[in-house]
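What follows is one structure encoded as structure tokens, with my remarks underneath.
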Amino acid sequence: MENDRIAGSAKDFAGKVEGTVGDIAGDAKTQAAGRIRKATGTAQNLYGQAKDATREATDAAVNYAKDAYENSGDTFHDGSQAIAKRVQDNPLASMLIAGAIGFVLALLTTRPPRHPRQRGR
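Right, here's the structure in full:
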């Protein structure tokens, strides 16, 4: 539990007590001071709750990212093993697919630049 929440709850309680004393005594100044202290305590308590919620959300996001990072190696390893098994089972098809991909990449990278059409000539 955050210090702001503890201090806020204490101020809230003290403000309630001070306001009640002001009501019993009929002192408007004490009543007003109690209400101000209560409002300050409530605000500080809410601030502490927001900090706690933010910290918990951040911790959850960090843990999720760590899990995803740690498991990504396993997923990559499993995928590469599956591809290696496919290549071993059917090497001719694998070579043809790799050759086709290489041919397409060569066409894309060695394509002559297009010249814009010249008007009027």
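Using the working numbering, the letters of the sequence shown correspond one by one to residues 149 to 269.
Backbone N, C-alpha and C fix where the C-beta goes; we use that ideal spot for every residue, glycine too.
(message) I need the straight-line Cα distance from LEU256 to LYS199, nearest angstrom please.
(response) Rounded to whole angstroms, LEU256 to LYS199 spans 54 Å at the Cα level.
(message) Helix, strand or coil for THR138? Go by DSSP, reduced to three states.
(response) Absent from the model: residue 138. The displayed extent of the chain is 149 to 269, so no value can be given.
(message) So, under 8 Å CB-CB, SER157 and GLY189 are touching, yes? Tell me the CB distance rounded to an integer number of Å.
(response) Going by Cβ atoms, the distance from SER157 to GLY189 rounds to 7 Å, so yes, they are a contact pair.
(request) Helix, strand or coil for ASP175, going by three-state DSSP, please let me know. (result) If DSSP states are grouped into helix, strand and coil, ASP175 belongs with coil.
(request) Measure the beta-carbon distance from SER242 to VAL235 and round it to whole angstroms, keeping in mind my assumption that it falls under 8 Å. (result) 4 Å
(request) Count the other C-beta atoms from every protein chain shown that fall within 10 angstroms of the C-beta of ASN193, then say buried if there are 16 or more, exposed otherwise. (result) buried
(request) State yes or no: is the C-beta of LYS271 within less than 7 Å of the C-beta of ASP160? (result) As shown, the chain starts at 149 and ends at 269. That puts residue 271 outside it, with no answer to give.
(message) Does GLU166 pass the burial test, meaning 16 or more other C-beta atoms within 10 Å, or should it be called exposed?
(response) buried
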